[in-house]
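Novice: Sequence order for the protein chains is Z and P. Heads up: the first sequence begins at 39 in our numbering, then just goes up one per residue. Heads up: the second sequence begins at 273 in our numbering, then just goes up one per residue. Where a beta carbon is used, it is the ideal one built from N, C-alpha and C, also for glycine. Structure provided below as structure tokens; questions to follow.
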Amino acid sequence: MSKGNGVRHLKGFKKYYGQKILWYLITLFFAIVLNFVLPRLMPGDPVAGIAAGAVSGMTDTTAIQKVYNDYAEKFGVNEPMIVQFGIWAKNALRGDFGVSFGQYPRTVADIIASSIGWTLALQLPAIIVGWILGNLLGAVAAYIKGAFDKVILPVFLFVSNFPAFGMAIILLTVFGINLKWFPTSGGYGFDLIPNMSWEFVRSVISHYQLPFWSIVLITIGGQAIGMRSMSIYELNADYVKYSRFLGIKDSKIVGYVFRNAMLPQITGLAMSLGTMMGGALVAEIIFSYPGIGSTLMAAVRGQDYPLISACTLIITVMVLLANLFVELIYGVIDPRVKAAQQD
Amino acid sequence: MKNTLRQVFHSPKFVIGFVIFAALLLTTIIYPLVVAADPLEMVGNGNFFKPGTYVSVKDSVEGTHYTLNIDVKSGSLDSKISAEDKESMKEWLTKFGGVAEADINLEDVEGLIGLWEANYSESADQPGLTASRKKYFARLNKNIDGILADSDLILARENPDTGELEESATIGSNEFVNTKDVANRRTFILGTDNFGRDVLTELVDATKTSLRVGLIAGVVATIVGLFLGLISGYVGGVVDDLIMFITNLFTVIPSFVLLILISYSVGQNARGVNLVAIIIGLTSWTWTTRSVRSQVISLRNRDHVNLSKLSGHSMMRIVLTDILPYLASYVVMAFILQISSGILAEAQLSMLGLGPSTSTTATLGLMMNWATLYAAPLNGSWWAYFPVVITIALIAFSLNLMNTGLDQVFNPQLRD
Numbered sequence: 039m040s041k042g043n044g045v046r047h048l049k050g051f052k053k054y055y056g057q058k059i060l061w062y063l064i065t066l067f068f069a070i071v072l073n074f075v076l077p078r079l080m081p082g083d084p085v086a087g088i089a090a091g092a093v094s095g096m097t098d099t100t101a102i103q104k105v106y107n108d109y110a111e112k113f114g115v116n117e118p119m120i121v122q123f124g125i126w127a128k129n130a131l132r133g134d135f136g137v138s139f140g141q142y143p144r145t146v147a148d149i150i151a152s153s154i155g156w157t158l159a160l161q162l163p164a165i166i167v168g169w170i171l172g173n174l175l176g177a178v179a180a181y182i183k184g185a186f187d188k189v190i191l192p193v194f195l196f197v198s199n200f201p202a203f204g205m206a207i208i209l210l211t212v213f214g215i216n217l218k219w220f221p222t223s224g225g226y227g228f229d230l231i232p233n234m235s236w237e238f239v240r241s242v243i244s245h246y247q248l249p250f251w252s253i254v255l256i257t258i259g260g261q262a263i264g265m266r267s268m269s270i271y272e273l274n275a276d277y278v279k280y281s282r283f284l285g286i287k288d289s290k291i292v293g294y295v296f297r298n299a300m301l302p303q304i305t306g307l308a309m310s311l312g313t314m315m316g317g318a319l320v321a322e323i324i325f326s327y328p329g330i331g332s333t334l335m336a337a338v339r340g341q342d343y344p345l346i347s348a349c350t351l352i353i354t355v356m357v358l359l360a361n362l363f364v365e366l367i368y369g370v371i372d373p374r375v376k377a378a379q380q381d
Numbered sequence: 273m274k275n276t277l278r279q280v281f282h283s284p285k286f287v288i289g290f291v292i293f294a295a296l297l298l299t300t301i302i303y304p305l306v307v308a309a310d311p312l313e314m315v316g317n318g319n320f321f322k323p324g325t326y327v328s329v330k331d332s333v334e335g336t337h338y339t340l341n342i343d344v345k346s347g348s349l350d351s352k353i354s355a356e357d358k359e360s361m362k363e364w365l366t367k368f369g370g371v372a373e374a375d376i377n378l379e380d381v382e383g384l385i386g387l388w389e390a391n392y393s394e395s396a397d398q399p400g401l402t403a404s405r406k407k408y409f410a411r412l413n414k415n416i417d418g419i420l421a422d423s424d425l426i427l428a429r430e431n432p433d434t435g436e437l438e439e440s441a442t443i444g445s446n447e448f449v450n451t452k453d454v455a456n457r458r459t460f461i462l463g464t465d466n467f468g469r470d471v472l473t474e475l476v477d478a479t480k481t482s483l484r485v486g487l488i489a490g491v492v493a494t495i496v497g498l499f500l501g502l503i504s505g506y507v508g509g510v511v512d513d514l515i516m517f518i519t520n521l522f523t524v525i526p527s528f529v530l531l532i533l534i535s536y537s538v539g540q541n542a543r544g545v546n547l548v549a550i551i552i553g554l555t556s557w558t559w560t561t562r563s564v565r566s567q568v569i570s571l572r573n574r575d576h577v578n579l580s581k582l583s584g585h586s587m588m589r590i591v592l593t594d595i596l597p598y599l600a601s602y603v604v605m606a607f608i609l610q611i612s613s614g615i616l617a618e619a620q621l622s623m624l625g626l627g628p629s630t631s632t633t634a635t636l637g638l639m640m641n642w643a644t645l646y647a648a649p650l651n652g653s654w655w656a657y658f659p660v661v662i663t664i665a666l667i668a669f670s671l672n673l674m675n676t677g678l679d680q681v682f683n684p685q686l687r688d
């Protein structure tokens, strides 16, 4: 590659990345707008009814006054919509979502901060491991065919149709309650205080197993099926026949095939990340795992509007970041994107 | 058309999926005709009754009794002494009774009881046992004595005049009742749920409602998706850019989040089944829009479309007669997937407590929601949630199989 080509290449990458990041920033903006506007457009506007509704469960009058004042100030309830949005967005970007109604006097930011780590540590590895294992199995099934394919495909087809919470509850029943191999709820033993002791870490790890594997199993199923059909499609492509004709080694052809079959799988991952994370969040509830999913459910039960709003926003940001990351990786892997950058 | 259908029904995957789906659908139609009970009737007074047939105690006591020469002792011993109790008995016997572990067989209840009767003594020296544990063993011993004593039960009635109890019958342990003689009985094949509702009847009703949710969500999503995709692909230009911008936005912003926001804002009371279904449909059309648009773009410059344009046909007519028929298979496939994802979305919303308001309807998601709220897994009430999970999985499985089957028929390259 000549030097000039290399410079242009780098430029192309910069442009590609710049465009992607810009696009995601725009999306983030619209997501924030939706997060603000949707509840306020609805007939049962939770924000308007807040003064009466939110504090109805509280008996402590000073607390009620405190929450209401805090709320009125934070959300500018009496200002016009656009000003309200300005105040809200400014606060949201600083991570200030006000005080929780349900868990007063904790702030929403504090609650989110204590649960987001659990969700990230659970979902990120689980989805990645599930994706890798699923693609491997799918590719192997397409290549080997025969009995392996005949057995494994229907199994995965069936498994992948379980909702994440369904798989979670089955694993919980079998391994948690009947076999008693793993604890059934929480992120660590209820008798422990989070610290860096060996005992605590061990407790966290054993509590991690069931939620982790339920997400992995679901992901494997879906990915294996997609990868299998992509691989079959690629194995029948003309370039494979041509390569065989040229006498190129089988292992090398398989390498080409799987690399090509992999690309749509990466796009597929980007497209389905939101759904996958949503499912995994609900699965958290089954195990009372102390992540965003359980927090969200508690917020819904407690009619805790600021907490719900913050949860949905943080989920959106996580999904957007994960998507952006996948797309950026895609730019590096796919030769066609690279070629397009060099035009 | 006929030919296509024949082809579709030759695909084994489609046929299997279709049969499962049709079976589920038929069950939801036929079952209510056979069992007329209200699915939401709270029959059981208490939560999570085990599956089985419940017969009226009074009826069985008062009905005809038959004496059967069957050994009833080991049966009742078995049912009255739990596995945990047996373990504890073994532990006591080996520690304090001086019995070798090899002599104890937990399967042989009578043998175990024999050893227990021979060796247990409340006053024995039991070093290392807490007081409560000692009391537990004493209670267990008393319990076993009671079972062994096997005295007859005496039935008594209160005399309304004197207020005294008068013996009316005695029941020996070998007296039996033929369950067919008992007039008042009820079979709960899948037990009852936390409200005491018959799970099977409720499940059938919930399946019906969930299928309806999926269907409405699918129809809404398909209509919106088809409409936007057709316009975007056929008109092109600024309209296309705008629609694709919105579509891309809603592809990346998770529909799960939008669902939560809208469902929460609508409020608990307004959330009916249909509304939830429509909301789900309105957040899941992007997939259809994308595939319809790309198909339309590849179609719009075909000869037959150009011919129609030259003939001066209206846009409406071109779209309906020259483009739509080519899209039918894609739209049907997307529709099938949307039904399945709609059912799943309802279930997930309900798990979060944002499903349809609960008192008037049962959906699969609401059943899951209540089962988890009342900790059904922890108290071993598998019947309250396991059938629900299987039903959701079966619906999704059958729809996905149909979709895969169709895919193979319409994309020959995928055939293996």
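From P:Gly386 to P:Asn413, what does the alpha carbon distance come to, in whole angstroms?
Specialist: In the second sequence, counting from the first residue as 1, residue 386 of chain P sits at position 114. In the second sequence, counting from the first residue as 1, residue 413 of chain P sits at position 141. So the two alpha carbons sit approximately 12 angstroms from each other.
Novice: Taking Cβ-Cβ distances shorter than 8 angstroms, what residues in chain P pair up with Z:Arg339?
Specialist: As a working note, residue 339 of chain Z is residue 301 in the first sequence. Within 8 angstroms Cβ-Cβ: Gly625.
Novice: With a threshold of 6 angstroms on Cβ separation, who are the neighbours of P:His337 within its own chain once the five nearest residues in sequence on each side are excluded?
Specialist: Sequence index remark: in the second sequence, residue 337 of chain P carries index 65 (1-based). Once the five neighbours on either side are set aside, the close Cβ partners of P:His337 are Glu447.
Novice: If you draw a straight line from the C-alpha of P:Leu530 to the C-alpha of Z:Phe68, how long is it?
Specialist: Walking along the second sequence from the start, residue 530 of chain P turns up at place 258. Walking along the first sequence from the start, residue 68 of chain Z turns up at place 30. Roughly 12 angstroms between the two C-alpha positions.
Novice: Using the beta-carbon of each residue, which ones in chain Z are nearer than 9 angstroms to P:Gln620?
Specialist: Along the second sequence, one-based indexing puts residue 620 of chain P at 348. Result: Pro201, Ala202, Phe203, Gly316, Gly317, Leu319 and Val320.
Novice: Would you say Z:Ile258 reaches chain P, if we count a Cβ-Cβ gap shorter than 8 angstroms as a contact?
Specialist: On the first sequence, residue 258 of chain Z is found 220 positions in, with the first residue counted as 1. Not one chain P Cβ lies under 8 angstroms of Z:Ile258.
Novice: In chain order, what residues of the same chain lie with their CB nearer than 6 angstroms to the CB of P:Val449, ignoring the 5 residues before and after it?
Specialist: As a first step, residue 449 of chain P is located in the second sequence; it is residue number 177 there, counting from the start. Cβ within range, chain order: Ser332 and Gly335.
Novice: Tell me, please, whether the CB atom of Z:Gly42 is closer than 8 angstroms to any CB atom in chain P?
Specialist: Here the question's residue 42 of chain Z lines up with position 4 in the first sequence. Note that Z:Gly42 scores 49 on pLDDT, short of 50, meaning its location in the model is unreliable; the coordinates nonetheless yield the value given after this. Chain P, which has no Cβ nearer than 8 angstroms to the Cβ of Z:Gly42, makes this no.
Novice: Within 8 angstroms (strictly less), CB to CB, does Z:Val71 reach chain P?
Specialist: Within the first sequence, the letter at position 33 stands for residue 71 of chain Z. Chain P contact via Cβ: absent.
Novice: Give the residues of chain P in contact with Z:Phe196, contact being defined as C-beta atoms less than 8 angstroms apart.
Specialist: Within the first sequence, the letter at position 158 stands for residue 196 of chain Z. Under the 8 angstroms cutoff, chain P gives Ala665 and Phe669.
Novice: Helix or strand or just coil, what does DSSP make of Z:Ala69?
Specialist: The sequence position of residue 69 of chain Z within the first sequence is 31, counting from 1. DSSP places Z:Ala69 in helix when its eight states are reduced to three.
Novice: Express the C-alpha separation of P:Leu378 and P:Ser404 in angstroms, rounding to a whole number.
Specialist: Start at 1 with the first residue of the second sequence, and residue 404 of chain P comes out as number 132. Start at 1 with the first residue of the second sequence, and residue 378 of chain P comes out as number 106. About 24 angstroms.
Novice: Within its chain, find whatever has a CB closer than 8 angstroms to the CB of Z:Cys349; leave out the 5 residues flanking it on each side and keep chain order.
Specialist: The sequence position of residue 349 of chain Z within the first sequence is 311, counting from 1. Here the set comprises Ile150, Ile330, Thr333, Leu334 and Ala337.
Novice: Anyone know if the C-beta pair for P:Ala410 and P:Glu394 falls short of 8 angstroms?
Specialist: Position 138 of the second sequence holds residue 410 of chain P. Position 122 of the second sequence holds residue 394 of chain P. Their beta carbons are under 8 angstroms apart, which means P:Ala410 touches P:Glu394 by this criterion.
Novice: Going along the stretch 511-526 of chain P in order, which residues come within less than 7 angstroms of chain Z, judged by CB to CB distance?
Specialist: Cβ contacts with chain Z come from Leu521, Thr523, Val524, Ile525 and Pro526.
Novice: Please name the residue or residues paired with P:Tyr326 in a DSSP beta bridge.
Specialist: Numbered from its first residue, the second sequence carries residue 326 of chain P at position 54. Answer is P:Arg458, bridged to P:Tyr326.
Novice: In three-state terms, what does DSSP make of P:Met314?
Specialist: Residue mapping note: residue 314 of chain P aligns to position 42 of the second sequence, counting from 1. The answer is strand: DSSP assigns P:Met314 an E or B state.
Novice: Does DSSP put P:Ala648 in a helix, a strand or coil?
Specialist: As a working mapping, residue 648 of chain P is identified with position 376 in the second sequence. Residue state, collapsed to three classes: coil.
Novice: If you draw a straight line from the C-alpha of Z:Ser347 to the C-alpha of Z:Tyr246, how long is it?
Specialist: Counting from 1 along the first sequence, the entry for residue 347 of chain Z is found at position 309. Counting from 1 along the first sequence, the entry for residue 246 of chain Z is found at position 208. Each residue's alpha carbon lies about 27 angstroms from the other.
Novice: Identify, in the order they occur along the chain, each residue of the same chain with its Cβ nearer than 7 angstroms to the Cβ of Z:Ile154, setting aside the five sequence neighbours on each side.
Specialist: For the purposes of this step, residue 154 of chain Z is taken as residue 116 along the first sequence, with counting starting at 1. The residues are Ile330 and Ile352.
Novice: Please list the residues of the stretch 341-371 of chain Z that have a C-beta atom closer than 7 angstroms to any C-beta atom in chain P, keeping them in chain order.
Specialist: Those residues of the stretch 341-371 of chain Z that come within reach of chain P (Cβ to Cβ, closer than 7 angstroms) are Ile346, Thr350, Ile353, Thr354, Val357, Leu358 and Asn361.
Novice: Using a Cβ cut-off of 8 angstroms, pull out every chain P residue sitting near Z:Thr305, in sequence order please.
Specialist: To locate residue 305 of chain Z, count along the first sequence from 1; it is residue 267. Here the premise fails: no neighbours, minimum Cβ distance about 11 angstroms.
Novice: For P:Leu666 and P:Ile353, which I take to be in contact (beta-carbon distance under 8 angstroms), what is that distance rounded to the nearest angstrom?
Specialist: Taking the first residue of the second sequence as 1, we reach residue 666 of chain P at position 394. Taking the first residue of the second sequence as 1, we reach residue 353 of chain P at position 81. Actually they are not in contact, since the Cβ atoms of P:Leu666 and P:Ile353 sit about 39 angstroms apart, beyond 8 angstroms.
Novice: Give me the residue from P:Val660, P:Ala493 and P:Ile416 with the minimum Cα distance to P:Thr558.
Specialist: In the second sequence, residue 558 of chain P corresponds to position 286, counting from 1. Cα-wise, what sits closest to P:Thr558 is P:Ala493.
Novice: Run down chain P in chain order and give the residues with a C-beta less than 7 angstroms from the C-beta of Z:Thr222.
Specialist: As a first step, residue 222 of chain Z must be located in the first sequence, where it is residue number 184. Result: Leu650.
Novice: Examine chain P for any beta-carbon lying closer than 8 angstroms to the beta-carbon of Z:Met309, and answer yes or no.
Specialist: As a working note, residue 309 of chain Z is residue 271 in the first sequence. For Z:Met309, the answer is yes, since a Cβ of chain P falls inside 8 angstroms of its Cβ.
Novice: Below 9 angstroms on C-beta distance, what does P:Asn672 contact in chain Z?
Specialist: In the second sequence, counting from the first residue as 1, residue 672 of chain P sits at position 400. Chain Z residues near P:Asn672: Leu195, Ser198, Asn199 and Ile263.
Novice: Step through the CB atoms of chain P and report whether any lies within less than 8 angstroms of the CB of Z:Thr333.
Specialist: Taking the first sequence and counting its residues from 1, the one referred to as residue 333 of chain Z is at position 295. With 8 angstroms as the cut-off, Z:Thr333 does not count as an interface residue toward chain P.
Novice: Using three-state DSSP, classify Z:Ala275 as helix, strand or coil.
Specialist: The residue given as residue 275 of chain Z occupies position 237 in the first sequence. Coil at Z:Ala275, not helix or strand.
Novice: Select from the stretch 209-220 of chain Z all residues with a C-beta closer than 7 angstroms to any C-beta belonging to chain P, and list them in chain order.
Specialist: Those would be Leu210, Thr211 and Ile215, in chain order.
Novice: From Z:Ser252 to Z:Leu60, what distance separates their C-alpha atoms?
Specialist: Position 214 of the first sequence, counted from the start, is the residue given in the question as residue 252 of chain Z. Position 22 of the first sequence, counted from the start, is the residue given in the question as residue 60 of chain Z. Approximately 35 angstroms, taken between the alpha carbons.
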